[in-house]
DNA sequence: AACAAAAATGACACCTTGTCATAATCTTCC
DNA sequence: GGAAGATTATGACAAGGTGTCATTTTTGTT
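Residue numbers (the numbering used here), protein chains in the order written: chain A, 2 to 208; chain B, 2 to 208.
Rendered as structure tokens:
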């Protein structure tokens, strides 16, 4: 996370830097992102960057806080719209997400799938772990929007385990869709549907 | 995959290069691996490297073929030892794998978790996709070593879906164990057990 | 205003990668 | 054997990346 100095900066400058970071990180994958380009874009000298951030990871994590709120917030809305049904909600959410990603070819999605720890970082916020107050709130909301009684889980421990399994499947599928060889929109959607349906068949309570 | 020129090289030189690649890729994560170090280690000039390989990814994929055979082969033996019970086999296999990884702190494991597409590449060999003849054979053996009748899967399609879900959970857990904050050996093992047990409870046929 | 602390700055050292002109070597054919 | 042609080897080079640090500028305090 940014150093003290960064937060003392005028709002305008902070935003300019965040915007440049966002442009860079949504354009190329993390490992290809360049500090050089970001500072050129933001119009700050090289030395200043290191006055504000430790390194690329540092500014990325800062940027990610924003991105997280956006994603988790949107998902929570979606869960509510589906009356707490997590699995129906995710299908809907991913359909939109993929469509969007196919429209703006590849942009943005790279943020999530480019490094294993990134999705995990996002996902962890639905579980626990240290996050900023704001993100914590968003996380709590998301979790409590789910109607857990519809799933066949023994106790809170397995509830947590399920969230991990669920997250793993989504991440894995996202990687597959956006990382490997080309795939049509229909194929991509279908890939998700199949997997979520399998989870539903085995994890939803039967009457 | 390597260019023609590489395969015309004397065996000894090929092996020297592969060995150097292996040392590099098992020491640092993919994005930090340096061609420079590899060629220095292997004692070949810079220009030659590009005569043999396209780039870092190219030599990595070459190295990975070897690594895959090792991993998939070992897992197949383990599946057989468990009479085809996939879930029991994976618990056993991962226990060993993690113990090994904790002994030689962090070495090797990086290969798998450092980039999302790597594990997928390995895993894909249990499903299909283009692989070398040798790997294909290993893959077929692995798949047919599993006693699928013990799992509650509708048809071959869901069998395939399950392999993905299964792989996703393992990869996700590996990332969690080796990527994020420190974790004790016991905690790590327990993390896997919990998740595999949940899968077992929901995916194994009930009497 | 004078002094100390904090922040800004860009040149620098050192790394990386991929290319390319040239040199060395191997093939082939007469 | 030797000359021509194809293939391979080689390291210097350009272009770009990162993190540091001595120096200048700004800010805050007495």
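Beta carbons: idealized from backbone N, C-alpha and C, even for Gly.
All of these numbers come straight from a predicted model, not from anything done at the bench.
message: What does the Cβ neighbour count give for residue 149 of chain B, buried or exposed, with the cut at 16 atoms within 10 Å?
response: Within the second chain, the letter at position 148 stands for residue 149 of chain B. Classification of residue 149 of chain B: exposed, given that the 10 Å Cβ count is below 16.
field: Spatial neighbours of residue 194 of chain B in its chain, beta-carbon cut-off 8 Å, leaving aside the 5 residues before and after
entry: The residue given as residue 194 of chain B occupies position 193 in the second chain. Taken in chain order, the residues that qualify are 92.
query: Can you give the Cα-Cα distance for residue 42 of chain B and residue 54 of chain B, rounded to whole angstroms?
result: Translated into the one-based positions of the second chain, residue 42 of chain B becomes position 41. Translated into the one-based positions of the second chain, residue 54 of chain B becomes position 53. Their Cα atoms are separated by approximately 16 Å.
task: Taking C-beta pairs closer than 8 Å, name the residues in chain A that residue 137 of chain B reaches, listed in chain order.
output: Reading the second chain from its first residue, position 136 is the one you call residue 137 of chain B. Simply none; closest approach about 18 Å.
task: Sort out for me which residues DSSP pairs residue 152 of chain B with in a bridge.
output: For the purposes of this step, residue 152 of chain B is taken as the residue at position 151 of the second chain. DSSP lists B/205 as partners of residue 152 of chain B.
- prompt: In terms of residues, what are the limits of the alpha helix (DSSP H) holding residue 80 of chain A?
  reply: Position 79 of the first chain, counting from 1, holds the residue named residue 80 of chain A. Its alpha helix (DSSP H) spans residues 57 to 82.
- request: Could you check if residue 8 of chain B is buried or exposed, using at least 16 other CB atoms within 10 Å of its CB as the buried criterion?
  value: Reading the second chain from its first residue, position 7 is the one you call residue 8 of chain B. Exposed, because fewer than 16 other Cβ atoms sit within 10 Å of the Cβ of residue 8 of chain B.
query: Looking at C-alpha atoms only, which residue of B/136, B/201 and B/157 is the closest neighbour of residue 166 of chain A?
result: Along the first chain, one-based indexing puts residue 166 of chain A at 165. Checking every option, the nearest Cα to that of residue 166 of chain A belongs to B/201.
- prompt: Counting Cβ pairs, one atom from each stretch, are 3 or more of them under 8 Å apart for the stretch 18 to 37 of chain A and the stretch 71 to 78 of chain A?
  reply: no
task: Mind listing the chain B neighbours of residue 163 of chain A? Cutoff is C-beta to C-beta under 7 Å, in chain order.
output: Translated into positions along the first chain, residue 163 of chain A becomes position 162. Result: 199.
query: Does the beta carbon of residue 170 of chain A come closer than 7 Å to any beta carbon on chain B?
result: Along the first chain, read from residue 1 onward, the residue named residue 170 of chain A stands at position 169. It does: the Cβ of residue 170 of chain A has a partner Cβ on chain B nearer than 7 Å.
message: Quick check on this structure: which residue in B/134, B/183, B/143 and B/99 has the alpha carbon closest to the alpha carbon of residue 190 of chain B?
response: As a working note, residue 190 of chain B is residue 189 in the second chain. For the residues B/134, B/183, B/143 and B/99, the minimum Cα distance to residue 190 of chain B belongs to B/99.
query: What is the DSSP secondary structure of residue 136 of chain A, counted as helix, strand or coil?
result: Counting from one through the first chain, the residue named residue 136 of chain A turns up at place 135. Correct three-state label for residue 136 of chain A: helix.
query: Closest Cβ-Cβ distance between residue 166 of chain A and chain B: below 7 Å?
result: Counting from one through the first chain, the residue named residue 166 of chain A turns up at place 165. At least one chain B Cβ lies under 7 Å of residue 166 of chain A.
field: Chain-ordered chain B contacts of residue 203 of chain A [CB-CB under 8 Å]
entry: Here residue 203 of chain A refers to the residue found at position 202 of the first chain. What residue 203 of chain A touches in chain B: 153, 203 and 204.
field: Straight-line Cα distance separating residue 175 of chain A from residue 234 of chain B
entry: As displayed, chain B neither begins before 2 nor continues past 208, which places residue 234 of chain B out of reach and without an answer.
- prompt: First and last residue of the alpha helix (DSSP H) that includes residue 185 of chain A?
  reply: Taking the first residue of the first chain as position 1, residue 185 of chain A is located at position 184. From DSSP, residue 185 of chain A is part of no alpha helix (DSSP H); its letter is neither H nor E.
- request: Go through its chain and collect everything with a Cβ distance to residue 196 of chain B's Cβ below 7 Å, but skip five positions before and after it.
  value: Locating residue 196 of chain B in the second chain gives position 195, counting from the first residue. Taken in chain order, the residues that qualify are 170 and 174.
task: Measure from the C-beta of residue 196 of chain A to each C-beta in chain B and report whether the shortest distance is under 7 Å.
output: On the first chain, position 195 is the one that residue 196 of chain A refers to. Chain B, which has a Cβ nearer than 7 Å to the Cβ of residue 196 of chain A, makes this yes.
message: Let me confirm a value: residue 122 of chain B is counted as buried when at least 16 other C-beta atoms fall within 10 Å, else exposed. Which label applies?
response: For the purposes of this step, residue 122 of chain B is taken as the residue at position 121 of the second chain. That one is buried.
query: Relative to the C-alpha of residue 120 of chain B, which residue among B/24, B/31 and B/6 is closest?
result: In the second chain, the residue the question calls residue 120 of chain B occupies position 119. Closest option to residue 120 of chain B, Cα to Cα, is B/31.
- request: Please name the residue, chosen from A/207, A/27, A/50 and A/25, that lies closest to residue 15 of chain A on a Cα-to-Cα basis.
  value: Within the first chain, residue 15 of chain A is the residue found at index 14, counting from 1. It is A/50.
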